[in-house]
Amino acid sequence: MAALVVLDFDASGVKQPARSALAAAAKLGEVHGLIAGADVAAVAEKAAKLPGVTKILVADDPAYAHALAEPLAALIVSLAEGYDHILAAATAVGKNVMPRVAALLDVQQISDISGVEDADTFIRPIYAGNALATVKSSDKKKVITVRASSFDPVAAEGGSATIETVATAAFDDKSKYLSSELSKSERPELTAAKIIVSGGRGMQNGENFTKLIDPVADKLGAAVGASRAAVDAGFVPNDYQVGQTGKIVAPELYLAVGISGAIQHLAGMKDSKVIVAINKDEDAPIFAVADYGLVGDLFTILPELEKSL
Numbered sequence: 007m008a009a010l011v012v013l014d015f016d017a018s019g020v021k022q023p024a025r026s027a028l029a030a031a032a033k034l035g036e037v038h039g040l041i042a043g044a045d046v047a048a049v050a051e052k053a054a055k056l057p058g059v060t061k062i063l064v065a066d067d068p069a070y071a072h073a074l075a076e077p078l079a080a081l082i083v084s085l086a087e088g089y090d091h092i093l094a095a096a097t098a099v100g101k102n103v104m105p106r107v108a109a110l111l112d113v114q115q116i117s118d119i120s121g122v123e124d125a126d127t128f129i130r131p132i133y134a135g136n137a138l139a140t141v142k143s144s145d146k147k148k149v150i151t152v153r154a155s156s157f158d159p160v161a162a163e164g165g166s167a168t169i170e171t172v173a174t175a176a177f178d179d180k181s182k183y184l185s186s187e188l189s190k191s192e193r194p195e196l197t198a199a200k201i202i203v204s205g206g207r208g209m210q211n212g213e214n215f216t217k218l219i220d221p222v223a224d225k226l227g228a229a230v231g232a233s234r235a236a237v238d239a240g241f242v243p244n245d246y247q248v249g250q251t252g253k254i255v256a257p258e259l260y261l262a263v264g265i266s267g268a269i270q271h272l273a274g275m276k277d278s279k280v281i282v283a284i285n286k287d288e289d290a291p292i293f294a295v296a297d298y299g300l301v302g303d304l305f306t307i308l309p310e311l312e313k314s315l
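Take the sequence shown: its position 229, counted from the start at 1, is 235 in our numbering, and no numbers get skipped.
What follows is the structure, encoded as structure tokens:
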């Protein structure tokens, strides 16, 4: 049977983590994608161009407009009979919906996979990414979330999938969408950025993020991230957090400024292609994983870096 991938999307098309989930599903055989939302015809057309996808299932209904767990999980379960594998990226939506899908199907979820061995066997990180476990599932249906940073995303174009409309599934409406508060930025999305500049507790306050990190990020065309310590201290919003309990990233360049390198943070960024660390403590753990390290005062180094770019 084919694998079904639940696709995260916005007005511009299918998001990068979902395209990484498609790359993982391609290792299992034929791939179908699911677009569920309201007024999604244009997004479905873009999804049909994704390489390696043979069919796009479209559920166009206001009930799916905000990706609530109840309606979306009910829809996925209604489609599950035709699939041995059901996958989603380990994003906020995937982490919210897929456990409910697994429970409704009475199977164990396989979370945050970073590799596919065969149809039953997968690799996933454990102990904050310090070890890799190979797990084999005997469940007839596998419900899987995918660590996007471990799979190169498929291209945005090059395919020619067919589009098929599916019916809305009945669901328990115990929860309702009320509102959203979304931060807007001209910078790239953190999980899709090729360059990330992150700050830690060493930044001392949020004003220093704006004054020192933002200019460097703007010149590099980079996203801005932060350690959990910086987020907990209120320097920057939660959606900046990189780490085990934040976002998992693997950019081409990761610039860590004033970040000590706690295990929780390293778990979210150590797969970056090149890691550059700036810290005044030469014994900081971040230097153990950095490709390039600069020991010094970030309040002197960042302005000099910004001028030289």
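Note that CB positions come from ideal geometry on N, CA and C, so glycine has one too.
Here the structure is a predicted model, which is why all the values come from computation and not from measurement.
Have a look at I265 and V12 and give me their C-alpha separation to the nearest angstrom. 35 Å
By the 10 Å Cβ neighbour count, where 16 or more other Cβ atoms means buried, how is I92 classified, buried or exposed? buried
Identify whether F128 lies in helix, strand or coil by the three-state DSSP scheme. strand
Put G19 into one of helix, strand or coil per three-state DSSP. strand
Leaving out five residues on either side along the sequence, give the residues of the same chain with a beta carbon under 8 Å from the beta carbon of G212. G240, F241 and V242
In terms of residue numbering, what span does the beta strand (DSSP E) encompassing E170 cover? T168 to T171
Does DSSP put H72 in a helix, in a strand, or in coil? coil
Every unbroken beta strand (DSSP E) inside the stretch 135 to 219 [3 residues or more]: 137 to 142, 148 to 152, 168 to 171 and 201 to 205
State the Cα-Cα distance for the pair T151 and S314, rounded to the nearest angstrom. 42 Å
Entirely within the stretch 230 to 312 and at least 4 residues each: give me those alpha helix (DSSP H) ranges in chain order. 234 to 238, 269 to 275 and 292 to 295
Under the three-state reduction of DSSP, which class applies to V46: helix, strand or coil? coil
Give the range of the beta strand (DSSP E) segment to which V12 is assigned. A8 to V12
Exposure label - L272; buried when at least 16 CB within 10 Å: buried
Pull up the DSSP beta-bridge partners for D66, would you. G43
Quick check on this structure: which residue in L300, A53, P194 and I116 has the alpha carbon closest to the alpha carbon of G164? A53
Identify whether L93 lies in helix, strand or coil by the three-state DSSP scheme. strand
Assuming V103 is part of the alpha helix (DSSP H), what are its boundary residues? A98 to L111
Going by C-alpha to C-alpha distance, which of L300, T60, A161 and V203 sits closest to Q6? Lying outside 7 to 315, the shown extent of the chain, residue 6 is not represented and no answer is given.
May I ask you to verify whether the stretch 109 to 116 touches the stretch 26 to 39, counting CB pairs closer than 8 Å and requiring at least 3? no
Spell out a yes or no on whether the stretch 62 to 74 and the stretch 169 to 177 are touching, meaning 3 or more CB-CB pairs, one atom from each, closer than 8 Å. yes
Cutoff 6 Å; reference K101; Cβ partners in own chain excluding five residues on either side: none
Proximal residues to G121 (C-beta, below 6 Å), its chain only, five neighbours per side dropped: I129
How should S186 be labelled, buried or exposed, when 16 other C-beta atoms within 10 angstroms of its C-beta is the threshold for buried? exposed
Sequence-distant residues of the same chain with beta carbon closer than 7 Å to I292, five excluded per side: A262, I265, S266, G267, A283 and N285
DSSP-derived helix/strand/coil call for S117: strand
K52 (DSSP reduced to helix, strand or coil): helix
K61 (DSSP reduced to helix, strand or coil): strand
Residue environment, P68, which counts as buried when at least 16 other CB atoms sit within 10 Å: exposed
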